[in-house]
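*Asks:* Have a look at this one before I ask anything.
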Amino acid sequence: MAVNTAPNIVIIGCGIAGVSAAHMLVKAGFHHVQILEATSRSGGRIKTGTLGKNITEIGASYIHGPSEENPLFCLARDYGLLDPEALTPDNQAIDVNERPPWVPNWFSSSGQRLSAEHMSTAVEMFYELVDDTSQFENQKETPWASVGHFMRSEARQRAAEKWKDEDETTRELLLCAVSTMLKVECCASATHTMDEIDLAGFWMYKSLAGLDCTLPGGYEGLIRSLMLELPTDLVTYNRPVHCVHWCNTENPEVNSVTVECDDGERIAADHVIVTVPLGYLKKHHSTLFCPPLPAHKLLSIQKLGFGTCNKIYVEFESPWWDADCEVIYLVWKDEEDVLDQVSDIKKSWIRKMSAFTVLKPSERYSHVICGWIAGHESEYMETLPEQEVRRSITELICTFTGNPTITPRRILRSQWFQDPWTCGSYSHPAIGCSAQDLENMMEPLPTKGSQSQPLQVLFAGEATHPCYYSTVHGAVLTGWREADRLISHYSYVSPCSQPD
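Residues -11 to 488 in the working numbering are what the sequence shown spells out, letter by letter.
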């Protein structure tokens, strides 16, 4: 068979996975690489915005586990995008399991400030419950249907034991605080409810050491730095892909894949790296691939979860939280049953927003908090006029602080579910999902044993990483993985020749 030493490689999607793959291929000497991006911008779910003069992250916010093991941290450090604090050995060595030791303020729906020290007992029990789910790791059968069912059942039982010396009102309030934390956990997993998270699969996710940090100049700075090292004509914007035609067995020596764009143009390729979000794949796989994906791959796409987590940034004239406060928790006093979803979304969607993180002031008079909301309530929020969202946020804050005069200056929200190219935020292990499903997600086409030319279609993106799914560093690693797969392939088939 003739060896192709200058393969045409098409990457679908200019998010961090696609950019990372292109970066590695170009550095390895591959000259015929192009990215097709459906939108007018690079970055995908990395998207930086502004609220007044404040930098806000519409998409990814944190580097989770910023340490030497994290390729994202190393990139951001090398490009000079991090605060000195994030670079300290202490910051990199501390292992907080992605639970930053933030200074909290607590408020209740009765308009009262709650003791952070008192509420810490609820937080401790919540994380104890989370950690105890590890006993079900890799188990085929579990006594509870999901993470949510386990935590709800155990929380009531342990509350009766741990807080037996407390009066009933205090016990109920602490259980309500557990509800608050459960809603926060929904945001971490981008799920509607923790009842949808697989109890055994929950521990497939692995965290890295290091205290979570942000990029002070905005996450998009990382994308810009990477793009500057790529040829300027490598990306074609506003070029959605309609269909990937693969498995050309008639002439396996030449361009075995054809990428059909929405405008009808057909691009011949030797290899295609698909980096579209799982949400888009769930919705469009039937038209995106011809022939259809293998049954086992389709099943894994269906079994893996993909949900919505949105943010609402709110700016105020002056802070109503403490000067050292880093996170604000809201406790509804009627949620002692440990709830993480509302019964009437249209009427009560705002109840799902249980926490605000406090932005470090970028200016002396700038006071911004970021509210987090996940699930169907989050998706419903996207459909409301901005004025209605602002009214609901104002009412929420006035209720919890007991101060009817607090008024936001302006708000800014994300709307990831309505984004036609993402259809949500990030992936999670839904009930029934296993490590095999993540293996299936990353498996190239055609599958092993096929007579067709190998590595026609490759898959990258956060939902294809076996243990860092849902993260930016996971997405980076998958882009590198697929680029390396192609580099290794050409090193193997042609040890004497390099791509020219």
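Backbone N, C-alpha and C define an ideal beta-carbon position, used for all residues, glycine too.
Does DSSP put L13 in a helix, in a strand, or in coil?
*Replies:* helix
*Asks:* Taking the Cβ atom as the reference point for each residue, do S415 and S366 lie within a distance shorter than 8 Å?
*Replies:* no
*Asks:* Hey, could you find the ends of the beta strand (DSSP E) Y317 is sitting in?
*Replies:* Start and end: V315 to V319.
*Asks:* Do I300 and I381 have their CB atoms nearer than 8 Å?
*Replies:* yes
*Asks:* What would DSSP say about W468, mapped onto helix, strand or coil?
*Replies:* helix
*Asks:* For I289, which of helix, strand or coil comes out of DSSP?
*Replies:* helix
*Asks:* Do you know offhand how far D155's Cα is from A148's?
*Replies:* 11 Å
*Asks:* Helix, strand or coil, according to DSSP, for Q375 in the structure here?
*Replies:* helix
*Asks:* Within this structure, are the beta carbons of S306 and H272 separated by less than 8 Å?
*Replies:* no
*Asks:* Quick one, which of W320, V14, Q80 and N(-4) has its alpha-carbon nearest G467's?
*Replies:* From the listed residues W320, V14, Q80 and N(-4), the smallest Cα separation to G467 is found for V14.
*Asks:* Take G37 as the anchor and find which of Y67, Y207, E57 and T275 has the nearest alpha-carbon.
*Replies:* Closest option to G37, judged by alpha-carbon separation, among Y67, Y207, E57 and T275: Y207.
*Asks:* Buried or exposed: where does S485 fall if 16 or more other Cβ atoms within 10 Å of its Cβ makes it buried?
*Replies:* With a pLDDT of only 45 at S485, under the threshold of 50, the placement of this residue in the model should not be trusted, and no figure is reported.
*Asks:* Can you tell me the Cα-Cα spacing of R87 and E160, whole angstroms?
*Replies:* 24 Å
*Asks:* Are at least three pairs of beta-carbons, each pair with one atom in the region 69 to 86 and one in the region 269 to 286, less than 8 Å apart?
*Replies:* no
*Asks:* Given N198, which residues of its chain have a CB within under 6 Å of its CB, disregarding the five upstream and five downstream residues?
*Replies:* What sits at residue 198 in the sequence shown is Gly, not Asn. Hits under 6 Å: G53, P54, S55 and Q80.
*Asks:* Between the C-alpha atoms of E431 and A9, what's the straight-line distance to the nearest angstrom?
*Replies:* 16 Å
*Asks:* Helix or strand or just coil, what does DSSP make of N226?
*Replies:* coil
*Asks:* In terms of alpha-carbon separation, which member of W360, A178, I211 and C313 lies closest to R339?
*Replies:* W360
*Asks:* Out of F294, I333, A176 and H180, state which residue places its alpha-carbon closest to the alpha-carbon of S489.
*Replies:* Nothing can be reported for residue 489, as the shown portion of the chain is limited to -11 through 488.
*Asks:* Can you tell me the Cα-Cα spacing of E112 and L474, whole angstroms?
*Replies:* 47 Å
*Asks:* Does the Cβ-Cβ distance between G99 and T389 come in under 8 Å?
*Replies:* It is a contact, given that the beta carbons lie within the stated cut-off.
*Asks:* Looking at the secondary structure, which residues open and close the alpha helix (DSSP H) in which F138 lies?
*Replies:* Looking at the DSSP string, the run of the alpha helix (DSSP H) that includes F138 is V135 to K150.
*Asks:* In this structure, what does DSSP give as the bridge partners for I357?
*Replies:* V302 and V346
*Asks:* Could you tell me the distance, in whole angstroms, from the CA atom of N(-4) to the CA atom of S30?
*Replies:* About 21 Å.
*Asks:* So I489 is in the beta strand (DSSP E); what residue range does that whole segment cover?
*Replies:* Past the edges of the chain, shown from -11 to 488, lies residue 489, and the structure says nothing about it.
*Asks:* If you follow the alpha helix (DSSP H) that C175 is part of, which residue opens it and which one closes it?
*Replies:* E156 to S177
*Asks:* Which same chain residues, not among the five before or five after I333, have their C-beta less than 8 Å away from its C-beta?
*Replies:* H364, E365 and Y368
*Asks:* Distance check for M429 and R397, CA to CA, integer angstroms please.
*Replies:* 44 Å
*Asks:* Between the C-alpha atoms of I(-1) and S122, what's the straight-line distance to the nearest angstrom?
*Replies:* 37 Å
*Asks:* If V135 sits next to M169, beta carbons under 8 Å apart, how far is it from one beta carbon to the other, in whole angstroms?
*Replies:* Going by Cβ atoms, the distance from V135 to M169 rounds to 13 Å, so no, they are not a contact pair.
*Asks:* List the whole-angstrom C-beta distance separating A178 from C297, where the pair is believed to meet the contact cut-off of C-beta under 8 Å.
*Replies:* 4 Å
*Asks:* Which class does F277 belong to by DSSP, given the choice of helix, strand or coil?
*Replies:* strand
*Asks:* Would you kindly report the start and end of the unbroken beta strand (DSSP E) that includes V262?
*Replies:* H259 to V262
*Asks:* Have a look at P483 and V223 and give me their C-alpha separation to the nearest angstrom.
*Replies:* In this predicted model, P483 has a pLDDT of only 45, less than 50, meaning its place in the structure is not dependable enough to derive any value.
*Asks:* Within its chain, find whatever has a CB closer than 6 Å to the CB of L347; leave out the 5 residues flanking it on each side and keep chain order.
*Replies:* V356
*Asks:* Should the region 314 to 326 be called in touch with the region 127 to 147, which here means at least 3 C-beta pairs below 8 Å?
*Replies:* Touching, yes.
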